[in-house]
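K.L.:
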Amino acid sequence: MFAMKHTLVALLRDQPGVLNRSVSLFRRRGFNIESLTVGHTETPGISRMTLVVDGDTTSVEQVIKQLYKLIDVLKVSDVSQDPNVTRDLLLVKVYAPPAKRSELMQLADIFGAKIVDVVPDAMMIELSGSPEQLDRFVDLIRPFGIRELVRTGCVAMTRGASTVSGPYQNQEFRAA
Amino acid sequence: MKTLTGAQMMCEALLAEGVDVMFGYPGGAIMPFYHALPEYPQLRHILVRHEQAAGHAAEGYARTSGKVGVCVATSGPGATNLVTAIADAMMDSVPIVAITGQVVTSLIGKDGFQETDVTGITQPITKHNYLVTDVRDLPRVFKEAFHIARTGRPGPVLIDVAKDVQNARGMFEYPESVDLPGYKPNYEGNRRQIKEAANLLNQAKKPLIMAGHGILLGHASVELREFAEKTGIPVITTLLGISCIPEDHPLSLGMPGMHGWVHVNRAIQECDVLFTIGARFDDRVTGKLDTFARNAKIIHVDIDPAEVGKNVITAVPIVGDAKRVLENLTEIVNANEHSEWLNHIREIQATRSKRQRDPESGMFTPHHVYAEFTQIMQGEFRVCTDVGQHQMWAAQLIEYMKPHTHITSGGLGTMGFALPAAMGVQVACPNEEVWAIAGDGGFQMNLQELATVVQESLPLKICIINNGYLGMVRQWQELFHERRYSATPMWSPDFIKLADAYGIPGLRVERPEDVAEAIHQARATNGPFLIEFVVEREVNVYPMVAPGASISDMFEDPNEVEIEDVVAVK
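In order, the protein sequence lines correspond to chains A and B. Just add 223 to the spot in the first sequence (first one is 1) and you have our numbering. Just add 683 to the spot in the second sequence (first one is 1) and you have our numbering.
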C-alpha cells in the first residue's frame, strides 16, 4: 500500500481540551500530521478541524477510527476522494529593495496575491490558494530572499450542495 | 428540587448510579466530599493504604461484579497515585470511575499546593475525563461519566472536582439521560456481515474460536458456549478470556500466545477460519504478526470499531456487542461437527502434556502448588493473580470453571495488582473464596494493603510463590541475556512474621507434601490467611515463544532447543 496525502475533516464539540485530546492522540499513536487547523463553524458549539495526514489507506482508516473514539468528536470525513476546495493562507516577508519591487509586484499579481505591507527594503505579501499554488509561489520568490514566512495549514470543503456538517447543522449544542 | 453542596451532589449522584461501595483515601482537596460522606451511610467507603490500591480494588470489584468500580483520591499525589490503576483499567477495558479532588478554581494553573493537571496526565489513559469548575455541571458530568464507563467498550473515566465546587451550593436534579451526540456505541452487528461470517464458518474445515475479555465484559459466556456447541468449533481463550468457558469443556483448548500451549498455537497456525470475538490481537498473543494465523481468514467481532483492522487484516469485520452478535450468529449458522480437526489438535496436545518439570527429582516447583489447588478447590474459587511467572502458571495450570473467576492484569501487566484487586473481588463477592496469588516481587509492591484487609475483615486468602527472584525477568535474563542476573535476586522479609504483625495467620511451605495441608488450613480459617510457598528458584515458564518470534516457533524446554536458536529468531 502506498502512502498519499489525505485530507480529513472533523467536527468537534467545543469542549475544553478537545484540541489537546485530538493532537495528543496523534502523538501517542504515532501518526504523522502534515497540517492541522481548527476554527468555528456555522453552528455555535461545534468546531471544525481540517487535517492533512500522510499515510497509506489502512493507517488513515485507523486515524479516523481513533478520532471517533474521542467522546467530543462528532464526525470525521476523508474528503480526499471528493471534489473539494482546499485553501492555505500564506504571509511572506521578502527582501525587496526598490530595484526588485516591481518584479515582485508583478509575480504577486500573476498569483493573485496581495501586498499588505511595504517598507524601504522589504515587502509583506499575502496569498491564499491550494497548497501546491503556494509552494510554486514560494519557489518563485525564494531567489529574492525570504526573511520570514508563515502558513496557516489547510482548510477544506467539498464542492456541491451537500455538507459535511449536515446532520449537526440545526442541533443545539450545549456551551462548555 | 433541593439545594445541595457539590459534595452532597457527588454522593447523591453515586447513589443514583447504584454505587454502594468505593475505595479511597482522603486528603485536602477532597475533604468536602469526605465531610458529606457520613450523611450517606448507604455508601460504604473502604480506606486503602495507597491510592494505587484503591484503583486496583475498584478494578477487581468491576471485573467480578460487572458493575462500575469507584475509587476516590485527593489532588496532586493522591491523583497521580491512581494513574497506574487507571492505565491498567484502560488497557483491559475495565469500567471504573475515578473521582479526584482538585485545588480551588482560583489556584488552578498557579502551581497550588498539591496541584497537578490530572486531567492532562490521564488524558491518554482514560476513555474520557472531566475537570469540574462549576457546581452546576456536577450532575451532568457524573451521569455522563458512569454512562461512558459502562457502555460500549468499557473503560476508566476520571472526574476531577475543584474543592470550591464541592463546597458550593446549587440546585440538584439528576439527569435521566445523557446528551452525547459524539458517543453512540454500536451494539447490533451488521446483518450482512454476520451472514458473511456464518457462510465462512459453514464452509470452514478447520475453524477456531478465539475468545477474549469481551466475552466476560459482555456477559456472553452462555452465548459463546451455545455457539461453540452448535457449530462444534473448538475454543481458545486469551489470558483475559480465561474462565469464559469451563476449562473441562470438550471444546475448550486453553490459552494461546507467548506462554500458551503448543497445541493451541499450532491450531492457530493451521486453522482456516479464525473467529475472534472480544480480543484485540495483542502482541503477546500473536507473536510475529506477519506469520500469525497465515492460513486463516479472520472474522473479528469487537464493540470498538478501532480494534477492527488495527493489528491484523480481517476478512469479515463485525462491530457489535459479543452477546448479541453471538445470538444472531447461532441462529443462522449450520449445526456442525469438526471431530477430525478437534482430534488432530487433541493428538498434538496429548504428546505435550502440561509440563511438570522433573517432579520425581524432589524439586518443589510451583506446578505442585497449582495442581493441589485445582484438585482441592474443585472450581469453587476466584483467583486474582499478580504479574510474572506465577501469573502464567496460574493461567496455564489452574482450571477455571465459572466466568469471572480468573482476574489478572493482562494489558498493562501491573505488578502489585493481585492483593488490592483481590480486595475488590472479595467486596463484590463477600461469601465466596477469593485467592490473591502473587510472586515475592509483586507482593512487595502493595503489601501495605494487608492492613486494609484486616480493617475491613476481608477473609481473602493470600498465596505467595516465593522463588527469591523477579522470576520472569530472571527467565529472560537466562534465555536472552547470557544468564546475567542483573538486579533480579530478591531478598524478602519473613512473610509469615509480617502477616503476623498485621494479625493475619500464615504458614510457610517448603515441601510438595505440605501443600495440600496448608491450603486446607487456609480454607478452614475464618478470615484472611497467608501461605508462602518457598519453591525451586530457577524454574522457567514453558512453553514459550521468544519475544518477537513467530508462534510457530515455540520451545518447551531449553534442553530441547539450543538457546542460540531462540535468540536468533528474535
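Just so you know, even glycine gets a beta-carbon here, dropped at the ideal spot from N, CA and C.
If you drop the 5 nearest sequence neighbours on each side, which residues of the same chain put their C-beta closer than 8 Å to that of His-896 (chain B)?
P.N.:
For the purposes of this step, residue 896 (chain B) is identified with residue 213 of the second sequence, where counting begins at 1. Taken in chain order, the residues that qualify are Asp-775, Ser-776, Thr-921, Leu-923, Gly-924, Gly-961, Ala-962 and Gly-1093.
K.L.:
Considering only DSSP beta bridges, list what Trp-1118 (chain B) is partnered with.
P.N.:
As a position in the second sequence, residue 1118 (chain B) is number 435, starting the count at 1. Bridge partners of Trp-1118 (chain B): B:Val-1066 and B:Lys-1144.
K.L.:
Around the C-beta of Lys-1006 (chain B), are 16 or more other C-beta atoms found within 10 angstroms, so that it is buried, or is it exposed?
P.N.:
The residue labelled residue 1006 (chain B) in the question sits at position 323 within the second sequence. Per the 10 Å Cβ criterion, buried.
K.L.:
Strictly under 7 Å for the Cβ-Cβ distance: is Ile-294 (chain A) near chain B by that measure?
P.N.:
Sequence index remark: in the first sequence, residue 294 (chain A) carries index 71 (1-based). Yes - at least one Cβ of chain B is within 7 Å of the one on Ile-294 (chain A).
K.L.:
Here's the rule: buried if 16 or more other CB atoms are within 10 angstroms of the residue's CB, otherwise exposed. What is Asp-987 (chain B)?
P.N.:
Along the second sequence, one-based indexing puts residue 987 (chain B) at 304. Classification of Asp-987 (chain B): buried, given that the 10 Å Cβ count is 16 or more.
K.L.:
Assuming Ser-1254 (chain B) is part of the alpha helix (DSSP H), what are its boundary residues?
P.N.:
This structure gives no information on residue 1254 (chain B), because the portion of chain B shown stretches from 684 to 1253.
K.L.:
How far does the alpha helix (DSSP H) with Ile-877 (chain B) in it reach, from first residue to last?
P.N.:
Locating residue 877 (chain B) in the second sequence gives position 194, where the first residue counts as 1. Per DSSP, Ile-877 (chain B) belongs to the alpha helix (DSSP H) from 874-886.
K.L.:
Would the C-beta of Ile-916 (chain B) count as close to the ligand FAD, meaning under 6 Å from any of its heavy atoms?
P.N.:
Summarising the ligand content, the structure contains no ligands, and the ligand FAD is consequently not present.
K.L.:
DSSP beta-bridge partners for Asn-1149 (chain B)?
P.N.:
Counted from its first residue, the second sequence places residue 1149 (chain B) at position 466. Beta-bridge pairing links Asn-1149 (chain B) to B:Val-1217.
K.L.:
Quick one, which of A:Thr-386, A:Met-347, A:Pro-354 and A:Val-387 has its alpha-carbon nearest Gly-368 (chain A)'s?
P.N.:
The count along the first sequence starts at 1 and reaches residue 368 (chain A) at position 145. Cα-wise, what sits closest to Gly-368 (chain A) is A:Met-347.
K.L.:
Per the contact definition of three or more C-beta pairs closer than 8 Å, is the stretch 1112-1126 of chain B in contact with the stretch 1182-1200 of chain B?
P.N.:
They do not touch, by the three-pair rule.
K.L.:
Cutting at 7 Å between CB atoms, please list the residues of its own chain near Val-1016 (chain B), excluding the five before and the five after it.
P.N.:
As a working note, residue 1016 (chain B) is residue 333 in the second sequence. Within the same chain, Val-1016 (chain B) has close Cβ partners Ala-881, Leu-884, Asn-885, Lys-913 and Thr-914.
K.L.:
For Ala-989 (chain B), return the contacting residues in chain A, with the cut-off set at a CB-CB distance below 8 Å.
P.N.:
Here residue 989 (chain B) refers to the residue found at position 306 when the second sequence is read from its first residue. Within 8 Å Cβ-Cβ: Gln-285, Lys-288, Gln-289, Tyr-291 and Lys-292.
K.L.:
Starting from the C-beta of Gly-940 (chain B), find all residues in its chain whose C-beta is less than 6 Å away, skip the five residues before and the five after it, and write them out in chain order.
P.N.:
Counting from 1 along the second sequence, the entry for residue 940 (chain B) is found at position 257. Closer than 6 Å at the Cβ level, and outside the excluded window around Gly-940 (chain B), lie Arg-967 and Val-968.
K.L.:
Going by beta carbon distance, what residues of the same chain come within less than 7 Å of Ala-903 (chain B), once the five residues before and after it are set aside?
P.N.:
The residue given as residue 903 (chain B) occupies position 220 in the second sequence. Ala-1005, Lys-1006 and Leu-1009, listed in sequence order.
K.L.:
Quick one: list the residues of chain B neighbouring Thr-260 (chain A), beta-carbon separation under 8 Å, in chain order.
P.N.:
Here residue 260 (chain A) refers to the residue found at position 37 when the first sequence is read from its first residue. The premise fails here: Thr-260 (chain A) is roughly 20 Å from chain B at the closest Cβ pair, so nothing lies under 8 Å.
K.L.:
If you count every other CB in all the chains shown that lies within 10 Å of the CB of Pro-837 (chain B), and 16 or more means buried, which is it?
P.N.:
As a first step, residue 837 (chain B) must be located in the second sequence, where it is residue number 154. Buried, by the Cβ-count rule.
K.L.:
Do we get a CB-CB distance below 7 Å when we pair Ser-245 (chain A) with the residues of chain B?
P.N.:
The residue you call residue 245 (chain A) lines up with position 22 of the first sequence. So, not an interface residue.
K.L.:
So what's Met-1212 (chain B) in DSSP terms, helix, strand or just coil?
P.N.:
Sequence index remark: in the second sequence, residue 1212 (chain B) carries index 529 (1-based). Note on identity: in this sequence residue 1212 (chain B) is Phe, with Met being the wrong assignment. If DSSP states are grouped into helix, strand and coil, Phe-1212 (chain B) belongs with the strands.
K.L.:
Could you check whether the Cβ of Arg-251 (chain A) sits closer than 7 Å to any Cβ belonging to chain B?
P.N.:
Stepping through the first sequence from its first residue, residue 251 (chain A) is reached at position 28. So yes, Arg-251 (chain A) belongs to the interface.
K.L.:
Which residues, in chain order, does the stretch 990-1014 of chain B contribute to contact with chain A at a C-beta distance below 7 Å?
P.N.:
Per Cβ criterion, the list reads Gly-992 and Lys-993.
K.L.:
With 8 Å as the limit, tell me which residues of the stretch 858-876 of chain B have their beta carbon closer than that to any beta carbon of chain A; keep them in chain order.
P.N.:
Answer in chain order: Asp-862, Leu-863, Pro-864, Gly-865 and Tyr-866.
K.L.:
With a threshold of 16 other CB atoms inside 10 Å of the CB of Gln-725 (chain B), please say whether the residue is buried or exposed.
P.N.:
Start at 1 with the first residue of the second sequence, and residue 725 (chain B) comes out as number 42. With fewer than 16 Cβ atoms within 10 Å of its Cβ, Gln-725 (chain B) is classed as exposed.
K.L.:
Can you tell me whether Trp-1024 (chain B) is buried or exposed, with buried defined as 16 or more other CB within 10 angstroms of its CB?
P.N.:
Looking up residue 1024 (chain B) in the second sequence gives position 341. Counting Cβ neighbours within 10 Å, Trp-1024 (chain B) comes out buried, since at least 16 surround it.
K.L.:
With a CB to CB cut of under 7 Å and the five nearest residues on each side skipped, what residues in its chain are close to Val-276 (chain A)?
P.N.:
For the purposes of this step, residue 276 (chain A) is identified with residue 53 of the first sequence, where counting begins at 1. Only His-229, Leu-231, Phe-254, Asn-255, Ile-256, Glu-257, Val-283 and Val-286 meet the Cβ criterion.
K.L.:
Just verifying my parser: in three-state terms, what is the DSSP assignment at Gln-1032 (chain B)?
P.N.:
By one-based count along the second sequence, residue 1032 (chain B) stands at place 349. Residue state, collapsed to three classes: helix.
K.L.:
Please confirm whether Leu-297 (chain A) has its beta-carbon closer than 7 Å to some beta-carbon of chain B.
P.N.:
Residue numbering aside, residue 297 (chain A) sits at position 74 when the first sequence is read from its first letter. Taking Cβ atoms only, chain B reaches closer than 7 Å to Leu-297 (chain A), which makes this a yes.
K.L.:
With distances taken Cα to Cα, identify the nearest neighbour of Asp-340 (chain A) among A:Gly-352, A:Ile-333 and A:Leu-327.
P.N.:
In the first sequence, residue 340 (chain A) corresponds to position 117, counting from 1. Checked all of A:Gly-352, A:Ile-333 and A:Leu-327; the closest Cα to Asp-340 (chain A) is A:Leu-327.
K.L.:
Among A:Ile-294, A:Arg-374, A:Glu-265 and A:Ala-319, which one has its Cα closest to the Cα of Leu-313 (chain A)?
P.N.:
Start at 1 with the first residue of the first sequence, and residue 313 (chain A) comes out as number 90. Nearest C-alpha to Leu-313 (chain A): A:Arg-374.
K.L.:
Take Val-246 (chain A) as the anchor and find which of A:Leu-274, A:Val-315 and A:Ala-226 has the nearest alpha-carbon.
P.N.:
Residue mapping note: residue 246 (chain A) aligns to position 23 of the first sequence, counting from 1. When each option's Cα is compared against that of Val-246 (chain A), the closest is A:Leu-274.
K.L.:
So, for Gly-792 (chain B): in the same chain, excluding its five sequence neighbours on each side, which residues have a beta-carbon less than 6 Å away from its beta-carbon?
P.N.:
Position 109 of the second sequence, counted from the start, is the residue given in the question as residue 792 (chain B). Result list for Gly-792 (chain B): empty, nothing under 6 Å.
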